[in-house]
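Peer 1:
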Amino acid sequence: MKPRGFSLTACVGVLALGALGFGAHTWTVAHVQRWTGRQDLGFVGCNHCHLVRLERMPWAQERPRHAAPAGLAVSPDGQRVFIALDELDQVVEADTASNRVLRKVTIGGGPFGLTLDSTGEQLFVACRHADRIAVLDTRELKESANLEVGLAPVAVAFCETKVGPRLLVANSGSDDISVLSVAPLREIARPAAGREPFAVATTADGARAFVANRLATVTRQTDLPAAELTVLDPASGRIVSRQRLDSAHLSEGVGTVPTREWTLTPLVKVRNLVPITQVANGWVMSSGLAISDAGGSVLQIPLDEANDYFADPSGIAVDRSGRRAYVASSGGDAVSVIDLEKLARWIEHADEATRHEAIDDLALAPQYVAGRIPTGRNPRHLTLSPDGRTLFVAERLEDAVLVIDTTTLRPAGKIVLGDGALDDPRRRGERVFTRASNTFQRQFSCRSCHPDGHVDGLSYDFDGDGLGDNLLDNRTLLAVANTGPFKWNGKNPSLDVQCGPRFARVLMRTEPFPPHDLRDLVTFIQSLPPPRTRKQGTPLTPAQERGRQIFFATRTPDGNEIPRRNQCHTCHRPPLYTTRLPAAVGSRGPRDTTDQFDTPHLLGIATSAPYLHDGRAATLEELWTVFNTNDVHGVSSYMDKKQLNDLVEFLKTL
Amino acid sequence: MTCGFKSSRLGLSKGLLLALGNAHSSAQARSVAGLASAILLCALAGAGCGRHPPAGALVLTQTPVAVRDPDAASGALDVRYPPGSRVVLALPPFGPANVRVLSRGLLAAGGPVVSHDARRVVFAGKADATSHWQIYEARLTGGRPRVVTAMEGGAMEPALLPTGEVVFSSPVPVLLAVRRTEADSSSPNVGDSTLLINAGLRPAVSAGDVNSAASAAFRAHSEGVETASSPRAGLATGLKPGVNETSRVGPSNASTSGNELRMPQGVALYAKLAGGRPKRLTFGSASAFDPTVLTDGRILFVSAQPRARTHDAADRSLFTINNDGTELTAFACQHEGDGLVRRPRELFDGRVGFLAMDSHALANHARAEAVRLARPHASRGPLFAFALQRCRSVEAAGDGTFLVCAEASGFVGRSRRGSDAVFRLARDARSLGEPLFDDPAWNDIEATALAPRPKPKGHLSTMQADKRMGTILCLDANRSSDRSAGGNDNAVAERVRVLAGLEDGESTCLGEVPVQSDGSFLAEVPADVPLGFETLDAQGRVLRHVPPTIWVRPGENRTCIGCHEPHNRSPRNHRPLAVNLPAVRLGERFQTTGFPNGIAGAADTRTASASVSSSLPQPEAAGRRASSPAEAPKAGSAVESASVLERVSPLPAGTPAVRSESAADTIAARDSARSPSP
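If you read the sequences in order, they're chains A and B.
Going from the first sequence to the numbering used here is simple: count from 1 and add 566.
Going from the second sequence to the numbering used here is simple: count from 1 and add 40.
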């Protein structure tokens, strides 16, 4: 071809391509505007609405499973320790003399919480993913019975009462407590707990049971949050009292002190209402311990020190003599040893005002903390041998159980369950996620605000955009893979950006994650599946089905067409229930700098209260009854109470 | 070892030259020449790299036991490190002969700091008698030190951030006149707390005497009281004559009459990356010095707590800041008398050690003390179980022990009483024991082990360089550990007067801010200016006074729990009412100019200072606003406006509220007088 001909062909080709591109762009914009009913949108990639398949999501893929220890139980003779391995669906029995695994048994459904009866012949296992309690005969290490309980049971406690033995099960998914009789094994009551019950302890005489709830009860925006310590009568299953732990959450353990009628609940003291201008001096949160006495009064004391923090207090063990308590710091990789006698003396001498402000005094802990024992990664559950001389610590991300001699407060051995799986990027990422050493003075970890990747149910005031401006509700990390952009204002295009330097500057107040850690962290976050909000395989109820029809309705019941931009599924498009586009739903507050907010996905929406970008709506109902009076956030004015309930019921199934 | 290495290189070069000479063809010659070049390059590279010193080596300062000409000292560092002082690398087995000088080619050097990875050493050095002290970096493998700073008034006391930035204090305090005392070598305790250097009647003064000068220099420096100006001072510090007409000298309680210790301006901390410009980090009324970097990434330093009342002694205590100068926080030793505190160091055993001395003692009479990180404000005590006096430095050795430099009198082989040696002590040591390293001809001080230490955390700055203001949010102005001026501790503050510190030790009012019913207030204030506060009751009487102490960096949001609240407290979880209202803007015309190492004022005529948002319910509370352009100060009128300043004395109880609209001008004048360092 001659040069002139080539040039001509090239020019025509370029023009044709340009015209094609222009035409495609114009068509795409028109397509988007037509189907969203929004004229403010320009070009939008196809994958906002199409090409999304749940089975292709990173969290839907098969993942390696590891021997991560969860609950622990020691036999009455102290010779054996039982360890729940929820990822492997196993319970193992180890010899405490040799620290070696003796036997294993497969228990389906994610065995998580363990407890033994008083003789040590029966082991009760809370199966988190199967919503049941399994009973094991410890002689044969074989499952002998099981019973369905509430959603996602994570802890179980045994006690003898005047009317017979009882089991108390914390159902973290359904926010209630299953009270079971043992012989026969049946549920006799299921009272409501606080939000996400996570640990159970009973008094030695079985007169009282205490349930620690992991999250603060749902509050709106600037209300003072408070977690609940639920007190009940194990014999009858009735609630005796609901003790309020002000500004506390993330309680994953509870213990009773036999000699003092104390109940000890580790907690994270959160300060979400104070603008986050710094993290020093526990400005955002600090670790503490709630001491509840028989009269129901609650005292909170710090576990952190002025320049050294022990983040994410998790399990607790109290020795039978009532002299010491041990609290695992799952973010700080340490066990704090609390001298309860010194603590009692301090309480005795402190005046009322001092006790009231004790939790905020970071110089206080040395008065009663007898030591800090370093552990492997992510210590969670603790248990003591009956004689109190040996402490077992489940190092969850180390695949091991640390054995500590409590007379010397030094490690005495380790029960090795796995290799730590450092070749698995997801496991490495989980280590980063739970590690407090990334933050200034090891004050908190990602998990402190996102327990198990989910929400803490609180709103925060970050100072980067002005003090008092742009309050932000904490968003879940579950099922966020492929739902970018991130942040409520949609400014972070990817999780790498979201968790990168901005996060370090605003929250960690240190340096950003090293690139390899960031890569692993993002891998881990993307692997987090949506929360389970109902029992597996359950079909929709009629109410939920009616709610589904309302959600996908294009016309109101009287035949009026709902504008496309106001149809629920236009913005919350299945299967992720989001188009990942910003939208104005009339939620702009007086201190917000924008009215356009990222459209959140709705997977597990039932468990992520409060709602809207600043957490002003405590319930799903309030979204429409209080904050959508002008039909901007969908058309809801035509709904009666029943229809609204149906819609909410459907949303709770997502 | 070094000699052998050199001779082998020489032999190799000679052989190559011979081979080159014997080459018959040009091709051969080219190939041999190429080979020779490659080998020579390797040899040259090898000469630069050398071998890294073995673990266990020490880096320390050696100052001559006999100082030849003490009168030649013109600055505090000349006293601390007399000419001939040097930084050396002591290699095991330790002995006077097994040292390598790291400060080769310098007149004097001292204050070495080893990086966390034990690969860099920085120290203060002086090239010759006429030059300023600057920060130098030396390679542990040999070679001449490289100058890192070029500060106009000199630089001293380096520390290293994990980013590689060098933190240092500048300028170096200058000594002007010298007065003889009754001190003699047999009586090192001079009894007089003032700066005293033997005027030459003795052939040599002990290191203790000269260190007393440094001690007094720092004592005076940290308090910042002005004295008459002197042209020489400006010259001596490298400042342009007339630029700074005031200087600072020791405080009244230090009996400084007769001593002319020139302090042209307060010593501040700076940070500088290699090849970058120095960034100023501290902006308080008092000097800041002796920085060290904690593992958590903060910079720990010594400064003075300004006096709440004129008769109070100024505290020398420990403070922390982030690596960008934000979040100034009291760390330890506050309100513990007027003793001196020096050379804080993290000991990696849950404690921070430092040198402490009475204000009337000599610098070499320092005690080794420590505070626990867990309770820094309530745990001060001796570092060791025995009384360790005459301590010169304490450093963590990296293996759980400490390197202590102290006087080694009484040991066999000492040629002179009173020189210092290096000791290695365990935490439970009962005595100094035998020296680890001792060269009787030198005072061996400031020893640091050449061992890797935990890398300090970094910190991403929250500053916004494009802003000139910062924000102060106080959660409860009524919360204070100070007694109310009128004795009524239950009196409730209605307003808060915000003060800006002036260089003359006084302060000026920026304006007033209404206090909300929960005690909170929110104000935007000029960045990089010392700020103080006075709470006022409904009648305008001063309830509590916090002298200008803190500052905010540009764009920094600073929050306090109260006005001088107890230390190490977390805030109560509540949303302060003040954040529901716009911040009150005060002193808008105080502004930083973006100079890398300091502030310089520039009058901003766009708005009057001490203005207040019109949306606030008490507009009069924040000072009078310029009602017309004619009322607004004109550009360039800063100095003239100073005459109408209302200066606020420290604390006349019951003083009615005053409102100032032109305070900015004075600080602008002050700031414009400051000469930015390069």
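Note that the Cβ used here is the ideal one computed from N, Cα and C, for glycine as well.
Keep in mind the model is a prediction, meaning the values are calculated, not measured.
1. How long is the line joining the alpha carbons of residue 263(B) and residue 146(B), rounded to whole angstroms?
2. Under 6 Å Cβ to Cβ from residue 810(A), same chain only, skipping five residues before and after it: list those, please.
3. Please state the DSSP three-state secondary structure of residue 645(A).
4. Checking contacts by CB at 7 Å: is residue 610(B) closer than that to chain A?
5. Alpha helix (DSSP H) containing residue 602(A): first to last residue?
6. At the 7 Å Cβ level, is residue 848(A) part of the contact set with chain B, yes or no?
7. Could you check where the beta strand (DSSP E) with residue 703(A) kicks off and where it finishes?
8. Which partner residues of residue 767(A) appear in the DSSP bridge assignment?
9. Is residue 794(A) close to chain B? Criterion is C-beta to C-beta, closer than 7 Å.
10. For the beta strand (DSSP E) containing residue 160(B), list its first residue and its last residue.
11. Is residue 866(A) helix, strand or coil when you go by DSSP?
12. Could you name the residues of the same chain whose beta carbon sits closer than 6 Å to that of residue 695(B), not counting the 5 residues immediately before and after it, in chain order?
13. What is the rounded straight-line gap between the Cα of residue 1205(A) and the Cα of residue 1199(A)?
14. Can you tell me whether residue 659(A) is buried or exposed? The criterion is at least 16 other CB atoms within 10 Å of its CB, across all chains shown.
15. On the DSSP letters alone, give me the boundaries of the alpha helix (DSSP H) that residue 920(A) sits inside.
16. Excluding the 5 residues flanking residue 8(B) on each side, which residues of the same chain have their C-beta closer than 7 Å to its C-beta?
17. My output table needs one value for residue 913(A): the three-state DSSP class, helix, strand or coil.
18. So is residue 696(A) buried or exposed if we call it buried at 16+ other beta carbons inside 10 Å?
19. If the cut is a Cβ gap below 8 Å, which residues of chain B does residue 926(A) touch?
20. Go through its chain and collect everything with a Cβ distance to residue 1029(A)'s Cβ below 6 Å, but skip five positions before and after it.
21. Write down the C-beta distance between residue 1079(A) and residue 851(A) rounded to the nearest angstrom, noting that I regard them as a contact closer than 8 Å.
22. Kindly indicate the opening and closing residues of the beta strand (DSSP E) around residue 177(B).
23. Check whether the Cβ of residue 1034(A) lies closer than 7 Å to any Cβ atom in chain B.
24. Buried or exposed: which applies to residue 721(A), given that a residue is buried once 16 or more other Cβ atoms fall within 10 Å of its Cβ?
25. If the cut-off is 7 Å on Cβ atoms, which residues from the region 314-340 of chain B count as contacting chain A, listed in chain order?
26. Which runs of the beta strand (DSSP E), 3 residues or longer, sit entirely within the region 481-526 of chain B?
27. Show which residues of chain B have a CB atom less than 7 Å away from the CB atom of residue 844(A).
28. Check whether the Cβ atoms of residue 639(A) and residue 681(A) lie closer than 7 Å to each other.
29. Can you tell me which of 435(B), 183(B), 532(B), 385(B) puts its alpha carbon nearest to the alpha carbon of residue 329(B)?
30. Return the residue from the list 597(A), 800(A), 586(A) that minimises the CA-CA distance to residue 769(A).
31. Quick one: grab the DSSP three-state call for residue 294(B).
32. Pick helix, strand or coil for residue 1188(A), following the three-state DSSP scheme.
33. Are the C-beta atoms of residue 1076(A) and some chain B residue less than 7 Å apart?
34. With 16 other CB atoms within 10 Å as the buried threshold, where does residue 325(B) fall?
35. Under 7 Å between the Cβ atoms of residue 780(A) and residue 762(A)?
36. Here's the rule: buried if 16 or more other CB atoms are within 10 angstroms of the residue's CB, otherwise exposed. What is residue 24(B)?
Peer 2: The relevant details are as follows:
1. Here residue 263(B) is taken as the residue at index 223 of the second sequence, counted from 1. Here residue 146(B) is taken as the residue at index 106 of the second sequence, counted from 1. Bear in mind that a pLDDT of 40 at residue 263(B), under 50, signals an unreliable position, so the number given afterwards is only what the model happens to contain. If I take the Cα positions, the gap works out to 32 Å.
2. Locating residue 810(A) in the first sequence gives position 244, counting from the first residue. Contacts found: 792.
3. By 1-based counting over the first sequence, the position of residue 645(A) is 79. DSSP places residue 645(A) outside both helix and strand once states are collapsed to three, so it counts as coil.
4. For the purposes of this step, residue 610(B) is taken as residue 570 along the second sequence, with counting starting at 1. True, the Cβ-Cβ gap to chain A drops below 7 Å.
5. Here residue 602(A) corresponds to residue number 36 of the first sequence, with the count starting at 1. That run of the alpha helix (DSSP H) goes 569-602.
6. Counting from 1 along the first sequence, the entry for residue 848(A) is found at position 282. With respect to chain B, the C-beta atom of residue 848(A) has a partner C-beta closer than 7 Å.
7. Reading the first sequence from its first residue, position 137 is the one you call residue 703(A). Per DSSP, residue 703(A) belongs to the beta strand (DSSP E) from 698-703.
8. Position 201 of the first sequence holds residue 767(A). Beta-bridge pairing links residue 767(A) to 776(A).
9. On the first sequence, position 228 is the one that residue 794(A) refers to. No, residue 794(A) does not count as interfacial toward chain B.
10. Position 120 of the second sequence, counted from the first residue, corresponds to residue 160(B). Counting along the chain, the beta strand (DSSP E) containing residue 160(B) begins and ends at 160-166.
11. The residue labelled residue 866(A) in the question sits at position 300 within the first sequence. Three-state DSSP puts residue 866(A) in a strand.
12. The sequence position of residue 695(B) within the second sequence is 655, counting from 1. Unreliable positioning characterises residue 695(B) in this predicted model, as indicated by a pLDDT of 36, which lies under 50. A coordinate reading is not provided.
13. Against the first sequence, residue 1205(A) aligns to sequence position 639. Against the first sequence, residue 1199(A) aligns to sequence position 633. Taking the straight line from one Cα to the other gives about 13 Å.
14. Taking the first residue of the first sequence as position 1, residue 659(A) is located at position 93. So residue 659(A) ends up on the buried side.
15. The residue labelled residue 920(A) in the question sits at position 354 within the first sequence. Its alpha helix (DSSP H) spans residues 918-922.
16. Look at the range of chain B in this structure, 41 to 718, and you will see that residue 8(B) is not part of it.
17. Locating residue 913(A) in the first sequence gives position 347, counting from the first residue. Of the three classes helix, strand and coil, the one that applies to residue 913(A) here is helix, per DSSP.
18. Along the first sequence, read from residue 1 onward, the residue named residue 696(A) stands at position 130. Residue 696(A) should be labelled buried.
19. Residue 926(A) sits at position 360 when you count from the first residue of the first sequence. In chain order: 609, 610, 611, 612.
20. Here residue 1029(A) refers to the residue found at position 463 of the first sequence. Around residue 1029(A): 841, 842, 843.
21. As a working note, residue 1079(A) is residue 513 in the first sequence. As a working note, residue 851(A) is residue 285 in the first sequence. Contact flag wrong, Cβ pair sits at about 20 Å.
22. Your numbering for residue 177(B) matches position 137 in the second sequence. Counting along the chain, the beta strand (DSSP E) containing residue 177(B) begins and ends at 173-179.
23. Reading the first sequence from its first residue, position 468 is the one you call residue 1034(A). By this cut-off, residue 1034(A) is an interface position.
24. Position 155 of the first sequence, counted from the first residue, corresponds to residue 721(A). Buried is the call here.
25. Answer set for the region 314-340 of chain B: 336, 337.
26. 482-489, 509-514
27. For the purposes of this step, residue 844(A) is identified with residue 278 of the first sequence, where counting begins at 1. 367, 599, listed in chain order.
28. As a position in the first sequence, residue 639(A) is number 73, starting the count at 1. As a position in the first sequence, residue 681(A) is number 115, starting the count at 1. Yes, the Cβ-Cβ distance between residue 639(A) and residue 681(A) is below 7 Å.
29. Taking the second sequence and counting its residues from 1, the one referred to as residue 329(B) is at position 289. Comparing Cα-Cα distances from residue 329(B) to each of 435(B), 183(B), 532(B), 385(B), the minimum goes to 385(B).
30. Along the first sequence, one-based indexing puts residue 769(A) at 203. Here the closest residue by C-alpha is 800(A).
31. Position 254 of the second sequence, counting from 1, holds the residue named residue 294(B). Residue confidence for residue 294(B) is low, a pLDDT of 28 falling below 50, so the modelled location carries little weight; the figure read from the coordinates is stated next. Three-state result, residue 294(B): helix.
32. Along the first sequence, one-based indexing puts residue 1188(A) at 622. DSSP places residue 1188(A) in helix when its eight states are reduced to three.
33. Position 510 of the first sequence, counting from 1, holds the residue named residue 1076(A). Using a CB distance cut-off of 7 Å, residue 1076(A) counts as an interface residue toward chain B.
34. Residue numbering aside, residue 325(B) sits at position 285 when the second sequence is read from its first letter. By the neighbour-count rule (16 or more Cβ atoms within 10 Å), residue 325(B) is buried.
35. Translated into the one-based positions of the first sequence, residue 780(A) becomes position 214. Translated into the one-based positions of the first sequence, residue 762(A) becomes position 196. Yes, they are a contact pair.
36. Outside the modelled stretch of chain B, which goes from 41 to 718, sits residue 24(B), for which no answer is possible.
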